[in-house]
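Chemist:
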Amino acid sequence: GENVEQHPSTLSVQEGDSAVIKCTYSDSASNYFPWYKQELGKRPQLIIDIRSNVGEKKDQRIAVTLNKTAKHFSLHITETQPEDSAVYFCAASRGGGSNYKLTFGKGTLLTVNP
Amino acid sequence: EAQVTQNPRYLITVTGKKLTVTCSQNMNHEYMSWYRQDPGLGLRQIYYSMNVEVTDKGDVPEGYKVSRKEKRNFPLILESPSPNQTSLYFCASSSSPGLHYEQYFGPGTRLTVT
Numbered sequence: 724g725e726n727v728e729q730h731p732s733t734l735s736v737q738e739g740d741s742a743v744i745k746c747t748y749s750d751s752a753s754n755y756f757p758w759y760k761q762e763l764g765k766r767p768q769l770i771i772d773i774r775s776n777v778g779e780k781k782d783q784r785i786a787v788t789l790n791k792t793a794k795h796f797s798l799h800i801t802e803t804q805p806e807d808s809a810v811y812f813c814a815a816s817r818g819g820g821s822n823y824k825l826t827f828g829k830g831t832l833l834t835v836n837p
Numbered sequence: 513e514a515q516v517t518q519n520p521r522y523l524i525t526v527t528g529k530k531l532t533v534t535c536s537q538n539m540n541h542e543y544m545s546w547y548r549q550d551p552g553l554g555l556r557q558i559y560y561s562m563n564v565e566v567t568d569k570g571d572v573p574e575g576y577k578v579s580r581k582e583k584r585n586f587p588l589i590l591e592s593p594s595p596n597q598t599s600l601y602f603c604a605s606s607s608s609p610g611l612h613y614e615q616y617f618g619p620g621t622r623l624t625v626t
């Protein structure tokens, strides 16, 4: 089955700096890669996703890049703010057909220091 | 308001006492899924359902049962809970998973088995 590795497990940055979280996946058939943000005590919420036919996607201060050849994808947050502090999860799925399993990484605790 | 609800939100029980955690969504989503979240292990999929009467195992199905008799409901059943099932449980739903749509998570159920 799919295996998703996520690094680093913790990340501390100063407000205004950039943050990068990296994930690798094992199943070359995976074609959908979402990122979820989970604030303390809250439920995970989708912040951005990318499909395998796209190499990069941006949404304001966040961006995701995908390298299918190397089987890794990354989340980039620019101009970080204290409200960006949360746990971030990457995930991978092949989707489609009669099988749909979403495999998550173990998460990255991002702390943005004012 | 579109939402996924879970009940109960908190539960403390004893080993071996059967319990059910309910999950309901009002978005007419075909796909529903259960995850457990444990420190350092991220989100792991327990079971998922592509539609009514269609369920399949995720990565950690042992000790759990599910049923999908109605589109809106997807209860998680622990026939004989054990302490290693102490965890935070999330239900999620999505429309047309094969097309990779966002999964909406419920608020979570914190289960303690003593």
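Protein sequence lines correspond, in order, to chains A and B.
Read in the numbering used here, the first sequence has 765 at position 42, and its numbers run on one by one without any break.
Read in the numbering used here, the second sequence has 573 at position 61, and its numbers run on one by one without any break.
Where a beta carbon is used, it is the ideal one built from N, C-alpha and C, also for glycine.
1. Does the beta-carbon of residue 744 of chain A have 16 or more other beta-carbons within 10 angstroms, so that it is buried, or is it exposed?
2. Which residues in chain A sit within 9 Å of residue 586 of chain B, going by Cβ to Cβ distance?
3. Does the beta-carbon distance from residue 826 of chain A to residue 727 of chain A come in below 8 Å?
4. If we define contact as Cβ-Cβ less than 8 Å, is residue 824 of chain A a contact residue for chain B?
5. Does chain B have any CB closer than 8 Å to the CB of residue 709 of chain A?
6. Per DSSP, which residues does residue 606 of chain B bridge with? Please list them.
7. If contacts are defined as beta-carbon pairs under 8 Å, then residue 632 of chain B and residue 543 of chain B qualify, I think. What distance do you get, rounded to the angstrom?
8. Is the separation between the beta-carbon of residue 760 of chain A and that of residue 768 of chain A shorter than 8 Å?
9. For the stretch 533 to 547 of chain B, which residues have a beta carbon sitting closer than 9 Å to at least one beta carbon of chain A?
10. If you follow the beta strand (DSSP E) that residue 774 of chain A is part of, which residue opens it and which one closes it?
11. Taking the alpha carbon of residue 724 of chain A as the reference point, which residue from A:753, A:730 and A:732 has its own alpha carbon closest?
Modeler: The structure says:
1. As a first step, residue 744 of chain A must be located in the first sequence, where it is residue number 21. Under this definition residue 744 of chain A is a buried residue.
2. Numbered from 1 along the second sequence, position 74 holds the residue referred to as residue 586 of chain B. None at all; the shortest Cβ gap to chain A is about 14 Å.
3. Within the first sequence, numbered from 1, the residue matching residue 826 of chain A stands at position 103. Within the first sequence, numbered from 1, the residue matching residue 727 of chain A stands at position 4. The answer is yes: Cβ separation under 8 Å.
4. Working through the first sequence from its first residue, we reach residue 824 of chain A at position 101. Residue contact with chain B for residue 824 of chain A: present (Cβ-Cβ distance below 8 Å to some residue of chain B).
5. Absent from the model: residue 709 of chain A. The displayed extent of chain A is 724 to 837, so no value can be given.
6. The residue you call residue 606 of chain B lines up with position 94 of the second sequence. B:543.
7. No answer is possible for residue 632 of chain B: it lies beyond the span of chain B, which begins at 513 and ends at 626.
8. Counting from one through the first sequence, the residue named residue 760 of chain A turns up at place 37. Counting from one through the first sequence, the residue named residue 768 of chain A turns up at place 45. With contacts defined as CB atoms closer than 8 Å, residue 760 of chain A and residue 768 of chain A qualify as a contacting pair.
9. Answer in chain order: 543, 545 and 547.
10. For this step, residue 774 of chain A is matched to residue 51 along the first sequence. 768 to 774 is the extent of the beta strand (DSSP E) around residue 774 of chain A.
11. Locating residue 724 of chain A in the first sequence gives position 1, counting from the first residue. Nearest option by C-alpha distance: A:753.
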